[in-house]
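Working notes, structure below.
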Amino acid sequence: MAVARVLTLPLGETARLKNRVHAFAENRPAVYRMVDQTGRVIYVGKAKRLRSRLLTYFRAQYPEEKAARILQASADVQWEYVPSEFAALLSELKQIRRYRPIFNVRMNRQRRAAFIKIAGGPAPKVYVGQHPAGNDVHHYGPFVGAGRLHEAVKVLNDLLGLRDCALRMPIVYREQGDLFAAGSRAACLRHEFGTCTGPCAGYVTEQDYRSRVHDAVAFLEGRDIGPLDRVISEMTDASDRDDFERAAWWRERFDALTWLLSACARVHTTLEDLTFVYVDAGVYGDDRAYVIRRAQVQAAAPAPHTPLEIEAFRALVEEHSVTRTDPGPIPMEGIDETLLLLSWFRRHPRALTRTISFSQWLAAHRPAELNA
-18 MAVARVLTLP LGETARLKNR VHAFAENRPA VYRMVDQTGR VIYVGKAKRL
32 RSRLLTYFRA QYPEEKAARI LQASADVQWE YVPSEFAALL SELKQIRRYR
82 PIFNVRMNRQ RRAAFIKIAG GPAPKVYVGQ HPAGNDVHHY GPFVGAGRLH
132 EAVKVLNDLL GLRDCALRMP IVYREQGDLF AAGSRAACLR HEFGTCTGPC
182 AGYVTEQDYR SRVHDAVAFL EGRDIGPLDR VISEMTDASD RDDFERAAWW
232 RERFDALTWL LSACARVHTT LEDLTFVYVD AGVYGDDRAY VIRRAQVQAA
282 APAPHTPLEI EAFRALVEEH SVTRTDPGPI PMEGIDETLL LLSWFRRHPR
332 ALTRTISFSQ WLAAHRPAEL NA
């Protein structure tokens, strides 16, 4: 893997940057970029008070502190002022996506959230992870805490016979058997234990396997509870036979699946609750209005006041108020924004007082002819 290299600057150059920050940077919300001698953006950051934030770089100890290492590799610092801290967070995220700076590691945000992932390919795989994967992977979540989630997804996979092996594992469906030598064996013991259908060794047809994946997705989206019905049936049968040890074993799986079902429902409700018009207060009165659906910013504009501005913003609200809502996966490109919005409204509950549902906003801003 190639290693990105940066060149440190003479002390005189850092003094020049410090003088420019002293002279021109204001203490207001902004997004800034550190640029190296080749013009490459090496770091993107945000600040509530730009001047104070940038000056901290010049007090950092080199090479121990990251801020000092960024500064020593920077030939220039660029910035744009934004109305508020919220606007700065969104702009920082957008610019990190655009420039992919070498000093911004995974959005500078420690991930505590976990996702259920459905990987594509010849034999789709259902698994748990904490970082976005490729474009052929669907992400459900975010969930808090990966431990119990891992256990619940394992139960779901075992019941449906879905694989949990590496994505690179070669797949051989039953209908492909004539192309391969007879006597293939599954790559692990799960097939012998009855918890995997063995798509690696020709024990299942592609149609059957994909049908099981479809059942897993339907369960996660709350559209079908077939796996839970099977657990209840098995638990009841074991109890009727007075096989209480086996009934207790099935009861553990019942608890895992009911927890998973309710966790998926809570995630869906949480994302639906973050569907509204949000008016974010600007530091200098330059408020902005955001159309947010399922913790994703769909549109933004200066907060409308004049009839023309209100009519233009109304069109944005109407467009996204009719968008179909379902408990499906989060688009991969929107995961960081979803996490950002969830964090913002959790840390700033007063911001929720500046929100209004789409229907209420539309009712309060009806066209003039309807008010006549």
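Per my numbering, the sequence shown starts with residue -18, numbered consecutively. From the three backbone atoms N, C-alpha and C, an ideal C-beta is built for every residue, glycine too. Keep in mind it's a predicted model, so treat the numbers as computed, not measured.
- Counting along the chain, the unbroken beta strand (DSSP E) around lysine 27 starts and ends at 22 to 28.
- Annotated three-state conformation of proline 105 is coil, per DSSP.
- Note on geometry: alpha-carbon atoms of tyrosine 265 and phenylalanine 326 lie some 22 Å from one another.
- The beta-carbon distance between valine 63 and valine 12, rounded to whole angstroms, is 6 Å. This is short enough to meet the 8 Å contact definition.
- The beta strand (DSSP E) runs of length 3 or more contained entirely in the region 127 to 212 do not exist; there are none.
- Contact between histidine 172 and glycine 183 is absent: CB atoms are separated by about 11 Å, not below the 8 Å threshold.
- Inclusion of isoleucine 97 and tyrosine 121 in the CB contact set at 8 Å is warranted, their separation being smaller than that value.
- According to the DSSP secondary-structure assignment, proline 64 is paired through a beta bridge with no residue.
- Contact between glutamine 277 and glycine 315 holds, since their C-beta atoms are separated by about 5 Å, short of 8 Å.
- Secondary structure at aspartate 221: helix, using DSSP grouped into helix, strand and coil.
- Among the bridge pairs identified by DSSP, aspartate 254 is matched with none.
- Leaving aside the five residues that flank arginine 232 on each side, the residues in its chain whose CB is nearer than 8 Å to its CB run, in chain order, Met216.
- With a contact defined as Cβ atoms closer than 8 Å, alanine 281 and alanine 270 qualify at about 7 Å.
- Out of Arg129, Arg166, Pro105, Gln188, the CA that lies nearest to the CA of alanine 147 is found in Pro105.
- Note on geometry: alpha-carbon atoms of leucine 320 and proline 312 lie some 12 Å from one another.
- DSSP places glycine 315 within a helical segment (H, G or I) once states are collapsed to three.
- Residue pairing for glutamine 277: DSSP places it in a beta bridge opposite Arg274.
- Contact between threonine 336 and phenylalanine 257 holds, since their C-beta atoms are separated by about 4 Å, short of 8 Å.
- A straight line joining the alpha-carbon of glycine 115 with that of cysteine 177 spans about 25 Å.
- Boundaries for arginine 14: no alpha helix (DSSP H) harbours it, while the beta strand (DSSP E) harbouring it runs 11 to 16, taken from the DSSP string.
- Of the other Cβ atoms in all chains shown, 16 or more fall within 10 Å of the Cβ of valine 212; this residue is therefore buried.
- Contact between threonine 186 and leucine 209 fails: their C-beta atoms lie close to 25 Å from each other, not under 8 Å.
- Nearest neighbour of histidine 249 by Cα position, chosen from Phe225, Arg274, Asp268, Ala229, turns out to be Arg274.
- Under the 8 Å Cβ criterion, the region 27 to 34 counts as touching the region 4 to 11, having at least three qualifying pairs.
- Between the alpha carbons of proline 348 and valine 58 lies a gap of roughly 46 Å.
- For arginine 269, the secondary structure class from DSSP, reduced to helix, strand or coil, is strand.
- Under the three-state reduction of DSSP, aspartate 261 is assigned to strand.
- When the beta-carbon positions are compared, serine 65 and aspartate 261 come within less than 8 Å of each other.
- Taking the CA atoms as reference points, glutamine 157 sits about 19 Å from glycine 101.
- In the three-state reduction of the DSSP assignment, valine 125 falls in the strand class.
- Assigned with DSSP and collapsed to three states, isoleucine 77 falls in helix.
- In terms of Cα proximity to glutamate -6, the closest of Phe39, Ala95, Arg14 is Phe39.
- In the three-state reduction of the DSSP assignment, isoleucine 291 falls in the helix class, which pools H, G and I.
- Excluding its 5 nearest sequence neighbours in each direction, asparagine 0 has no C-beta neighbour in its own chain below 7 Å.
- Put simply, of Val22, Lys135, Pro44 the residue whose alpha carbon is nearest the alpha carbon of isoleucine 83 is Val22.
- Straight across, the Cα-Cα distance linking arginine 227 with serine 220 is about 8 Å.
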